[in-house]
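Throughout, this note's numbering is defined as the position within the sequence shown, counted from one, plus 55. Backbone N, C-alpha and C define an ideal beta-carbon position, used for all residues, glycine too. This report refers to the structure that appears directly beneath it.
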Amino acid sequence: MGNTALYLDESGTLSVRRDFLATKPRDGELFIQILYSGVNPSDTKTIPFLGGHPRVIGNDFCGRVIEAPGCEGSGYKPGDIVAGLSSGSYNRPIGHGSHQKYMSLAPCPGVYKVPENIPPHVAAAIPVVLQTCNDGLFNRLKLPLPSEITQESDLKTKTLIVWGGSTGVGMCTIQLARAIGFQSIIVTASPKRHELLKGLGATRCYDYSDPGVVDAVKAAIREDSPAEETLLGMDAAGNSDSMELLEKSVSEKGDQILLTSVALNPGSRWEAMLGGRHDDLDLIIPGQSEPFKIPAVPKEAEKMRKALEWALENYGKKFKFETINVFRGTAEEALEEALKVGKLGHFGKLVLEHPLK
Numbered sequence: 056m057g058n059t060a061l062y063l064d065e066s067g068t069l070s071v072r073r074d075f076l077a078t079k080p081r082d083g084e085l086f087i088q089i090l091y092s093g094v095n096p097s098d099t100k101t102i103p104f105l106g107g108h109p110r111v112i113g114n115d116f117c118g119r120v121i122e123a124p125g126c127e128g129s130g131y132k133p134g135d136i137v138a139g140l141s142s143g144s145y146n147r148p149i150g151h152g153s154h155q156k157y158m159s160l161a162p163c164p165g166v167y168k169v170p171e172n173i174p175p176h177v178a179a180a181i182p183v184v185l186q187t188c189n190d191g192l193f194n195r196l197k198l199p200l201p202s203e204i205t206q207e208s209d210l211k212t213k214t215l216i217v218w219g220g221s222t223g224v225g226m227c228t229i230q231l232a233r234a235i236g237f238q239s240i241i242v243t244a245s246p247k248r249h250e251l252l253k254g255l256g257a258t259r260c261y262d263y264s265d266p267g268v269v270d271a272v273k274a275a276i277r278e279d280s281p282a283e284e285t286l287l288g289m290d291a292a293g294n295s296d297s298m299e300l301l302e303k304s305v306s307e308k309g310d311q312i313l314l315t316s317v318a319l320n321p322g323s324r325w326e327a328m329l330g331g332r333h334d335d336l337d338l339i340i341p342g343q344s345e346p347f348k349i350p351a352v353p354k355e356a357e358k359m360r361k362a363l364e365w366a367l368e369n370y371g372k373k374f375k376f377e378t379i380n381v382f383r384g385t386a387e388e389a390l391e392e393a394l395k396v397g398k399l400g401h402f403g404k405l406v407l408e409h410p411l412k
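So this is what it looks like as structure tokens:
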């Protein structure tokens, strides 16, 4: 089978490959024809951590199961529409990248059947951003799942700061924080996104580029966060500026803070958020002789799965993801757009329609 792919070679160069044969599934893997693949900044930003190992880039996908050898009893069969995310490890097989016509992946907590109420392009857009949000809220910040909130939430006196509220992770976080009962959700974003974010549940919005943003957020915290309450902060932008500004904004709370970031190695005061905890994540840190491993944590993966299932069940009611840009065009143009996403040059989630031309 012919297979067009966005490919990273041993030298770290990205290119379009049209000469790939589709990687046939191993026993126990699903062979999936990709309908849509979601583009994330990590598709290109993690290249320095892959140690020159070639790969087809991309993690998010939605597609149709073509074959399912050895998957009896898994609940998956040919014809199923499935979505999910693949591992980001440096040594993952070529067939596990999502920006290609066909991929092979074992049924795992990172894969799910797409409910009929969710369009395939939406299903391809949400896995990484939603699961990263779920890890941040329910594992790193230790908050209860939406399904565990039965009556009036005891989170109504807590405050959550989201730096980078208009990112995909930020918009998911705002909605899930509202769902579990937060009444103070302070976010930073471009002013033209403020009304959108308030509609999702943000209670205060500030311009991240305003020189006075730190003082403004500090003042909001004084009003919203009781002295005895622990303050929660999430950096959904993942750069040194966003982390520094968020740290300064919460500094008056002293040690009464919990911080999490989408940055891979955010520092000692922070905990890193990941899109998956069901697999080990193996990376090559420049200058280190041995691979760096973040071990799988099955209990945390289970929490993330439950939060994902809640979002899917409540899609269109208590959760939505509508800022999606579907790309239809050549593979070369798709690669250019993916590079823009890596430089945070897109608002909303970019999704590639397959097959690429």
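Considering only the alpha carbon of each residue, which of Gly150, Gln230 and Val406 lies closest to Cys188? Residue mapping note: residue 188 aligns to position 133 of the sequence shown, counting from 1. Out of Gly150, Gln230 and Val406, Gln230 has the C-alpha closest to the C-alpha of Cys188.
Closest to Gly322 by C-alpha separation, out of Gly330, Pro350 and Gly293, would be which residue? The sequence position of residue 322 within the sequence shown is 267, counting from 1. Checking every option, the nearest Cα to that of Gly322 belongs to Gly293.
Would you check if there are 3 or more beta carbon pairs closer than 8 Å linking the segment 311 to 322 to the segment 278 to 293? yes
In whole angstroms, give me the CA-to-CA distance for Arg277 and Gln311. Residue numbering aside, residue 277 sits at position 222 when the sequence shown is read from its first letter. Residue numbering aside, residue 311 sits at position 256 when the sequence shown is read from its first letter. The alpha-carbon atoms of Arg277 and Gln311 are separated by roughly 13 Å.
Let me confirm a value: Gly113 is counted as buried when at least 16 other C-beta atoms fall within 10 Å, else exposed. Which label applies? Taking the first residue of the sequence shown as position 1, residue 113 is located at position 58. Under this definition Gly113 is a buried residue.
Label Ala282 either buried or exposed according to how many other C-beta atoms from any shown protein chain fall within 10 Å of its C-beta, with 16 as the threshold for buried. Here the question's residue 282 lines up with position 227 in the sequence shown. Ala282 is exposed by the Cβ-count criterion.
With a Cβ-Cβ cutoff of 8 Å, do Ser221 and His154 count as a contact? The residue given as residue 221 occupies position 166 in the sequence shown. The residue given as residue 154 occupies position 99 in the sequence shown. No. Outside cutoff.
Going straight from the alpha carbon of Leu210 to that of Lys197, what length do you get? Position 155 of the sequence shown, counted from the start, is the residue given in the question as residue 210. Position 142 of the sequence shown, counted from the start, is the residue given in the question as residue 197. When rounded, the distance between both Cα atoms is 12 Å.
Residues in the same chain with beta-carbon distance under 6 Å from Gly107, minus the five sequence neighbours each way, listed in chain order, please. Start at 1 with the first residue of the sequence shown, and residue 107 comes out as number 52. Closer than 6 Å at Cβ, skipping near neighbours: Glu65.
If Asp337 and Ser159 are in contact, beta carbons under 8 Å, what's the gap, nearest whole angstrom? Locating residue 337 in the sequence shown gives position 282, where the first residue counts as 1. Locating residue 159 in the sequence shown gives position 104, where the first residue counts as 1. Their Cβ separation, rounded to whole angstroms, is 19 Å, which puts Asp337 and Ser159 out of contact at 8 Å.
Any alpha helix (DSSP H) of 4 or more consecutive residues that is wholly inside the segment 283 to 370: 295 to 304 and 353 to 368
Taking the alpha-carbon positions, what's the Ile204 to Leu255 distance? As a working note, residue 204 is residue 149 in the sequence shown. As a working note, residue 255 is residue 200 in the sequence shown. About 19 Å.
Cβ neighbours of Lys156 in the same chain (closer than 8 Å, five flanking residues each side left out): The count along the sequence shown starts at 1 and reaches residue 156 at position 101. Here the set comprises Met56, Gly57, Asn58, Thr59, Ala60, Ala77, Gln88, Ile89, His409, Pro410 and Leu411.
His414 versus Glu302: straight-line alpha-carbon distance, rounded: What is shown of the chain runs 56 to 412, which leaves residue 414 out entirely.
What's the call for Pro80, buried or exposed, on a 16-neighbour Cβ count within 10 Å? For the purposes of this step, residue 80 is taken as residue 25 along the sequence shown, with counting starting at 1. Label assigned to Pro80: buried.
Please determine, among Gly83, Val166, Ile349 and Ser297, the residue with the shortest C-alpha to C-alpha distance to Gly128. For the purposes of this step, residue 128 is taken as the residue at position 73 of the sequence shown. It is Gly83.
Which residues DSSP lists as bridging Thr212, in chain order: Counting from 1 along the sequence shown, the entry for residue 212 is found at position 157. Partner(s): none; Thr212 has no beta bridge.
Please name the residue in Val224, His249, Ala257 and Ala179 whose C-alpha comes closest to that of Gly236. Working through the sequence shown from its first residue, we reach residue 236 at position 181. Checking every option, the nearest Cα to that of Gly236 belongs to Ala257.
Between which two residues does the alpha helix (DSSP H) harbouring Arg277 extend? Walking along the sequence shown from the start, residue 277 turns up at place 222. Element bounds for Arg277: Val268 to Asp279.
Against chain D, does Tyr62 count as a neighbour if the rule is that its beta carbon must be under 8 Å from one of theirs? Absent from the structure is chain D; it holds one protein chain and no more.
With Val111 and Val137 assumed to form a contact (beta carbons below 8 Å), what rounded beta-carbon distance in angstroms separates them? Within the sequence shown, residue 111 is the residue found at index 56, counting from 1. Within the sequence shown, residue 137 is the residue found at index 82, counting from 1. Actually they are not in contact, since the Cβ atoms of Val111 and Val137 sit about 18 Å apart, beyond 8 Å.
Taking 8 Å as the threshold (C-beta atoms), are Pro201 and Trp365 in contact? Locating residue 365 in the sequence shown gives position 310, counting from the first residue. Locating residue 201 in the sequence shown gives position 146, counting from the first residue. Contact flag set, yes.
Pick out the complete beta strand (DSSP E) segments inside the segment 168 to 227, 3 residues or longer, and give them in chain order. 214 to 218
Beta carbon of Gly397, beta carbon of Lys100: below 8 Å? Translated into the one-based positions of the sequence shown, residue 397 becomes position 342. Translated into the one-based positions of the sequence shown, residue 100 becomes position 45. Cβ atoms of Gly397 and Lys100: closer than 8 Å.
Specify the secondary structure class of Leu105 as computed by DSSP and reduced to three states. Against the sequence shown, residue 105 aligns to sequence position 50. Of the three classes helix, strand and coil, the one that applies to Leu105 here is coil, per DSSP.
Between the CA atoms of Pro162 and Thr243 - distance to the nearest angstrom: Along the sequence shown, read from residue 1 onward, the residue named residue 243 stands at position 188. Along the sequence shown, read from residue 1 onward, the residue named residue 162 stands at position 107. Each residue's alpha carbon lies about 37 Å from the other.
Buried or exposed: where does Asp190 fall if 16 or more other Cβ atoms within 10 Å of its Cβ makes it buried? Locating residue 190 in the sequence shown gives position 135, where the first residue counts as 1. It is buried - the Cβ of Asp190 has at least 16 other Cβ atoms within 10 Å.
Just to confirm, are Ala393 and Asp98 a CB contact at a threshold of 8 Å? Within the sequence shown, residue 393 is the residue found at index 338, counting from 1. Within the sequence shown, residue 98 is the residue found at index 43, counting from 1. Taking 8 Å as the Cβ cut-off, Ala393 and Asp98 qualify as a contacting pair.
Mark Ser344 as exposed unless 16 or more other C-beta atoms lie within 10 angstroms of its C-beta, in which case mark it buried. The residue labelled residue 344 in the question sits at position 289 within the sequence shown. Ser344 should be labelled exposed.
For Cys24, collect the residues of the same chain with a Cβ closer than 7 Å to its Cβ; drop the 5 residues on either side in sequence, then sort them by chain order. Residue numbering for the chain in the displayed model covers 56 to 412; residue 24 lies beyond these limits and cannot be assessed.
Would you check if the distance between the CB atom of Leu405 and the CB atom of Phe376 is smaller than 8 Å? What you label residue 405 is simply residue 350 of the sequence shown in a count that begins at 1. What you label residue 376 is simply residue 321 of the sequence shown in a count that begins at 1. For Leu405 and Phe376, no; Cβs fall outside 8 Å.
Going by the beta-carbon positions, is the gap between Asp335 and Lys354 smaller than 8 Å? What you label residue 335 is simply residue 280 of the sequence shown in a count that begins at 1. What you label residue 354 is simply residue 299 of the sequence shown in a count that begins at 1. Not closer than 8 Å, so no.
Candidates Asp115, Phe193 and Asp135, of which the one nearest Glu122 by Cα: On the sequence shown, position 67 is the one that residue 122 refers to. Nearest C-alpha to Glu122: Asp135.
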